[in-house]
Amino acid sequence: MTIRNLIIVLGDQLSLDNAALKSGDLACDQILMVEALEEATYVRHHKKKIAFIFSAMRHFCEALRAEGWKVHYVCLDDDDNRGSFRGEVSRAVDDLQPERVRVMEAGEWRVRTDMEDWHKALGCPVDILEDQRFICSHDRFRNWAKDRKQFRMEYFYREMRKTTGLLMVEGKPAGGKWNYDSENRKPADADLFMPRPNQTEPDQITSDVLELVASRFGDHFGDLTPFWFAVTAEEADAALDSFIQDALPRFGDFQDAMLEQEPFLYHSILALYINVGLLDPLKVCQRVEAAYHSGHAPLNAAEGFIRQVIGWREYVRGIYWLKMPEYRDMNSLKASRSLPEFYWTGETDMACMRAAIGQTKTEAYAHHIQRLMVTGNFALLAGIDPKEVHEWYLAVYADAFEWVELPNTLGMSQYADGGILGSKPYAASGAYINRMSNHCEACTYNVKTKYGEGACPFNSLYWDFLARNLETLKDNPRMRQMYANWERMSDDKRAAYRRSAAEVLDAL
Ligand SMILES: Cc1cc2nc3c(=O)[nH]c(=O)nc-3n(C[C@H](O)[C@H](O)[C@H](O)COP(=O)(O)OP(=O)(O)OC[C@H]3O[C@@H](n4cnc5c(N)ncnc54)[C@H](O)[C@@H]3O)c2cc1C
Ligand code: SF4
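For the sequence shown, our numbering assigns the number 1 to the initial residue and increments by one for each residue that follows.
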C-alpha cells in the first residue's frame, strides 16, 4: 500500500500533541524515529542526557505502536544507521517511497534550517508544521517585538498571563500584583525533610540504553548512573505530582537559595520533561494554579513558577527565533579567555563552583541560580569566550536544547548580546553567594577578604570586570551605582583589586 505521509518524530517531540502526529492518519501514514550519532556528538552531551533522550524515544515508540502506528525506529547501533537525520530520512524515503514527508519544525535553528531543503535532497515534498506546544507563536512574538526599542520579559509575561488566563481574576492579576519575585529571595536552612525529586527505576528498555551509552559515549562528561529520570509521559506526570505535593509550597520562598549537599532544594526538575514533550507546559501551569486555588501552595510560589514557564521560557524562545543565526556569534564584551578545565572536572577550591559543577557531573542538573550566579557569573567575571560557555551549558544539562539554553547563557548570563534579553549583566561578588548559600562556610577562600591572599576570587574579579568593561557598561543606568562605588575607591584599592584579579586569571 502506498504510504501517504512519512511522519518524522524528533527526540524532543515526544508528545501525542505533536502537530505532525495530530494531522496524521494511522491507516495510511507511517512514522520514522532516529537515534542520530550526529545529534549526540555535535557537542559532547552528558551521558545521562543522551540516555534520557534515547530511552524516552524508545518508550514513546512503544506508546505509538500501542496506539496502532507503524513506526520505523532506527537505533544508534543499527548496521545501516547513517548517523544523521538527513541521511536516515533519505534512506527511509528511498525504501518506503512515501508521497510526502511531514515533520513538526525543529526547536533548534541548525536542524530547522537543514529541514528547509530536505525536499531537494529527497525528491518529495516536505511539510514543516509549526510547533504548537508553545503559548506564543513565532508570528505573535515578532509582532510583540516589532515596535519595541527594548524587550523586557515582564511586559511579555503579562500578555501571556492575559492570554492563558493563569492567575487572573476578572482581568486582573490574582492578589493584585503581577510579580511576587521580591518575596522569593530567602536563603534556605538545611532541612532533614527536604523533598527529593521522584525517582524512576530503570526498566529493561532504559537498561539497554544505559549499556549502549556506556559503550559508545563512555568518554563524554558526567556520570551515567544512578539513572532515575522519568522516561514516559506517565512517569513524568508522577514527577509533577510529587513536585506539587512536596516542593511547590516552598518553591517561591527558596527559589534563589543554594545549600551544600542539596542539589535540588525546592525546584521542580521538570524542564527536561517539558522540553522533550513528556509534559505539556500549559497543563503543568494549570496544575500549579489549581494547587494555589486549593490553598496547597501560596501565591508567591505559584506565580513564581508560572512566570518561569509562560514568561521566561516563552520569552527566551521568542528571542532565539527572532535573532538567530546572528545571536549565536554575539560577543558584546569581547570575552576571549578559554573555559577553565575545572568546568569539566569540578576540581577547584571554590566551594560554590565545586558544588555546582559536581552536581552537574552527577545529576546533569543544577538549578537556575547555580547556573546564573555561580558558574555563569564566574565565566562572565573571568571574561570567558561566550561560545565556549554556551557549548558547555548545552552539553552538560539534561534539559539543554539550544533554543532555550543559548539565550539563557549568551544573553541572560554572559550579556554577550549587549542587553537584548536582559537590561544588565548578572555580575556579582562573593557577597551575593554568601547571602544566598552556605557554600562560603565550606570554602578555602574567605568571602569577607576583598583581595590578596585567601580572598574570594569572585570579589576581585567583580571589580576587575567592571573596570575592564567600563566603556561598554558605564552608561547603562542600572550599572551607575556600581560605577559610582568604583570611582569612589582610592587608587591603591582599585590597583589592589586589579592585581588580585590578574593573579586569579593567570592561575586559570
Ligand atoms: C546559563 C543558563 C543556562 C540555562 N540553560 C537552560 C537549558 O538549557 N534548558 C532549560 O530548560 N533551561 C535552562 N536555563 C533556565 C533554568 O535554569 C532551567 O530551566 C531550570 O534550572 C531547570 O530546572 P527545574 O526544572 O528544576 O526548574 P524550576 O526552577 O523548577 O523552574 C520551573 C520551570 O520553569 C522553566 N524555567 C525556569 N527558568 C527558566 C528560564 N530562565 N528559561 C526558560 N525556562 C525556564 C523551566 O521549564 C523549569 O522547569 C538556563 C539558565 C541559565 C542561567
Ligand atoms: S568564598 Fe567565594 S569562592 Fe568560596 S564559596 Fe564563597 S563565594 Fe564561592
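Where is the CB? At the ideal position from N, CA and C, for every residue including glycine.
Check your understanding: Since residue 254 contacts residue 188 with CB under 8 Å, what's their CB separation in whole angstroms?
Key -> Indexing the sequence shown from 1 puts residue 254 at position 254. Indexing the sequence shown from 1 puts residue 188 at position 188. Confirmed, Cβ separation roughly 4 Å.
Check your understanding: Thinking just about the alpha-carbon of each residue, which of 180, 239, 349 is nearest to the one in residue 443?
Key -> Working through the sequence shown from its first residue, we reach residue 443 at position 443. Measuring from the Cα of residue 443, the nearest candidate turns out to be 349.
Exercise for review: Please confirm whether residue 311 and residue 445 have their CB atoms less than 8 Å apart.
Suggested key: Along the sequence shown, read from residue 1 onward, the residue named residue 311 stands at position 311. Along the sequence shown, read from residue 1 onward, the residue named residue 445 stands at position 445. No, these two residues do not count as a Cβ contact at 8 Å.
Exercise for review: Let me know the secondary structure DSSP gives residue 72 once reduced to three states.
Suggested key: Residue mapping note: residue 72 aligns to position 72 of the sequence shown, counting from 1. Collapsing the DSSP output to three states places residue 72 in a strand.
Exercise for review: Starting from residue 31, follow the beta strand (DSSP E) in both directions and report where the run begins and ends.
Suggested key: For the purposes of this step, residue 31 is taken as residue 31 along the sequence shown, with counting starting at 1. First-last of the beta strand (DSSP E) with residue 31: 30-34.
Point to revise | Beta-carbon proximity list for residue 248, same chain, < 8 Å, skipping 5 on both sides | key: Numbered from its first residue, the sequence shown carries residue 248 at position 248. Excluding sequence neighbours, residue 248 sits near 266, 268, 288, 291, 296, 297, 301, 302, 305.
Check your understanding: If you measure from the CB of residue 269, is any heavy atom of ligand 1 nearer than 7 Å?
Key -> Along the sequence shown, read from residue 1 onward, the residue named residue 269 stands at position 269. Correct: residue 269 has its Cβ closer than 7 Å to ligand 1.
Practice item. Measure the C-alpha to C-alpha separation of residue 107 and residue 413 and round it to an integer number of angstroms. Key: Taking the first residue of the sequence shown as position 1, residue 107 is located at position 107. Taking the first residue of the sequence shown as position 1, residue 413 is located at position 413. Spanning the two alpha carbons is a distance of roughly 21 Å.
Review point. Quick one: does the C-beta of residue 368 sit closer than 7 Å to a heavy atom of ligand 1?
Key: Counting from 1 along the sequence shown, the entry for residue 368 is found at position 368. Residue 368: yes, Cβ under 7 Å from ligand 1.
Review point. Buried or exposed: where does residue 192 fall if 16 or more other Cβ atoms within 10 Å of its Cβ makes it buried?
Key: In the sequence shown, the residue the question calls residue 192 occupies position 192. It counts as exposed.
Practice item. Examine ligand 2 and report whether any of its heavy atoms sits within less than 7 Å of the Cβ of residue 509. Key: In the structure as shown, the chain begins at 1 and stops at 508. Residue 509 is therefore absent and cannot be evaluated.
**Study point:** residue 185: CB within 7 Å of a non-hydrogen atom of ligand 1
**Key:** As a first step, residue 185 is located in the sequence shown; it is residue number 185 there, counting from the start. Not under cutoff, so the answer is no.
Check your understanding: In chain order, which continuous runs of the alpha helix (DSSP H) of length 4 or greater are located wholly inside the stretch 241-318?
Key -> 248-251, 271-276, 281-293, 299-306
Review point. Is the CB-CB distance between residue 406 and residue 328 below 8 Å?
Key: Residue mapping note: residue 406 aligns to position 406 of the sequence shown, counting from 1. Residue mapping note: residue 328 aligns to position 328 of the sequence shown, counting from 1. Contact: yes.
Point to revise | Beta-carbon proximity list for residue 391, same chain, < 6 Å, skipping 5 on both sides | key: Within the sequence shown, residue 391 is the residue found at index 391, counting from 1. Cβ within range, chain order: 43.
Review point. Taking 7 Å as the cut-off, is the CB of residue 313 close to at least one heavy atom of ligand 1?
Key: Here the question's residue 313 lines up with position 313 in the sequence shown. Correct: residue 313 has its Cβ closer than 7 Å to ligand 1.
Review point. When the distance is taken between beta carbons, is residue 258 closer than 8 Å to residue 369?
Key: Position 369 of the sequence shown, counting from 1, holds the residue named residue 369. Position 258 of the sequence shown, counting from 1, holds the residue named residue 258. Against a cut-off of 8 Å, the Cβ pair of residue 258 and residue 369 comes out as a contact.
Point to revise | Endpoints, the beta strand (DSSP E) within which residue 127 is located | key: Taking the first residue of the sequence shown as position 1, residue 127 is located at position 127. Run containing residue 127: 126-129, per the beta strand (DSSP E) assignment.
Check your understanding: Between which two residues does the alpha helix (DSSP H) carrying residue 5 extend?
Key -> One-based indexing of the sequence shown puts residue 5 at position 5. No alpha helix (DSSP H) holds residue 5; the beta strand (DSSP E) holding it covers 5-8.
Review point. What did DSSP end up calling residue 135 once you bin it into helix, strand or coil?
Key: Position 135 of the sequence shown, counted from the first residue, corresponds to residue 135. Correct three-state label for residue 135: coil.
Check your understanding: Just how far apart, CA to CA, sit residue 360 and residue 396?
Key -> Sequence index remark: in the sequence shown, residue 360 carries index 360 (1-based). Sequence index remark: in the sequence shown, residue 396 carries index 396 (1-based). Spanning the two alpha carbons is a distance of roughly 7 Å.
Exercise for review: Measure from the alpha carbon of residue 114 to the alpha carbon of each residue in 85, 139, 133, then state which is nearest.
Suggested key: By one-based count along the sequence shown, residue 114 stands at place 114. Of 85, 139, 133, the residue nearest in Cα terms is 85.
Practice item. Using the Cα positions of residue 424 and residue 494, report the straight-line distance between them to the nearest angstrom. Key: For the purposes of this step, residue 424 is taken as residue 424 along the sequence shown, with counting starting at 1. For the purposes of this step, residue 494 is taken as residue 494 along the sequence shown, with counting starting at 1. In a straight line, the C-alpha of residue 424 is about 22 Å away from that of residue 494.
Check your understanding: Residues in its own chain within less than 6 Å of residue 198 by CB, not counting five upstream and five downstream?
Key -> Position 198 of the sequence shown holds residue 198. Excluding sequence neighbours, residue 198 sits near 238, 239, 242.
Review point. To which residues does DSSP link residue 169 through a beta bridge?
Key: Translated into positions along the sequence shown, residue 169 becomes position 169. According to DSSP, residue 169 bridges with 172.
Point to revise | C-alpha gap between residue 480 and residue 471, whole angstroms | key: The residue labelled residue 480 in the question sits at position 480 within the sequence shown. The residue labelled residue 471 in the question sits at position 471 within the sequence shown. A direct Cα-Cα distance of roughly 12 Å separates residue 480 from residue 471.
Check your understanding: Thinking just about the alpha-carbon of each residue, which of 469, 325, 477 is nearest to the one in residue 498?
Key -> As a position in the sequence shown, residue 498 is number 498, starting the count at 1. The option with the nearest alpha carbon to residue 498 is 469.
**Study point:** Span of the beta strand (DSSP E) around residue 100
**Key:** Residue mapping note: residue 100 aligns to position 100 of the sequence shown, counting from 1. Start and end: 100-104.
Review point. Roughly how many angstroms separate the alpha carbons of residue 273 and residue 48, rounded to a whole number?
Key: Within the sequence shown, the letter at position 273 stands for residue 273. Within the sequence shown, the letter at position 48 stands for residue 48. Those two C-alpha atoms are separated by around 14 Å.
Review point. DSSP state of residue 357, grouped into three classes?
Key: Locating residue 357 in the sequence shown gives position 357, counting from the first residue. Of the three classes helix, strand and coil, the one that applies to residue 357 here is helix, per DSSP.
Review point. Say the cut is 7 Å; is the CB of residue 372 nearer than that to a heavy atom of ligand 1?
Key: Your numbering for residue 372 matches position 372 in the sequence shown. Yes, the Cβ of residue 372 comes within 7 Å of a heavy atom of ligand 1.
Exercise for review: Sort out for me which residues DSSP pairs residue 337 with in a bridge.
Suggested key: Looking up residue 337 in the sequence shown gives position 337. DSSP, once it has assigned bridges, lists 384 as partnering residue 337.
**Study point:** Residue from 281, 51, 98, 285 with nearest C-alpha to residue 214
**Key:** If you number the sequence shown from 1, residue 214 lands on position 214. Comparing Cα positions, the closest option is 51.
Point to revise | DSSP bridge partner residues for residue 446 (one or two, in chain order) | key: Numbered from 1 along the sequence shown, position 446 holds the residue referred to as residue 446. Paired residues: 455.
Exercise for review: Output the boundary residues of the alpha helix (DSSP H) element that contains residue 110.
Suggested key: Translated into positions along the sequence shown, residue 110 becomes position 110. 109-116 is the span of the alpha helix (DSSP H), which, as asked, contains residue 110.
Exercise for review: Answer with buried or exposed for residue 489, where buried requires no fewer than 16 other C-beta atoms within 10 angstroms of its C-beta.
Suggested key: Residue mapping note: residue 489 aligns to position 489 of the sequence shown, counting from 1. The residue in question, residue 489, is exposed, as its Cβ has fewer than 16 Cβ neighbours within 10 Å.
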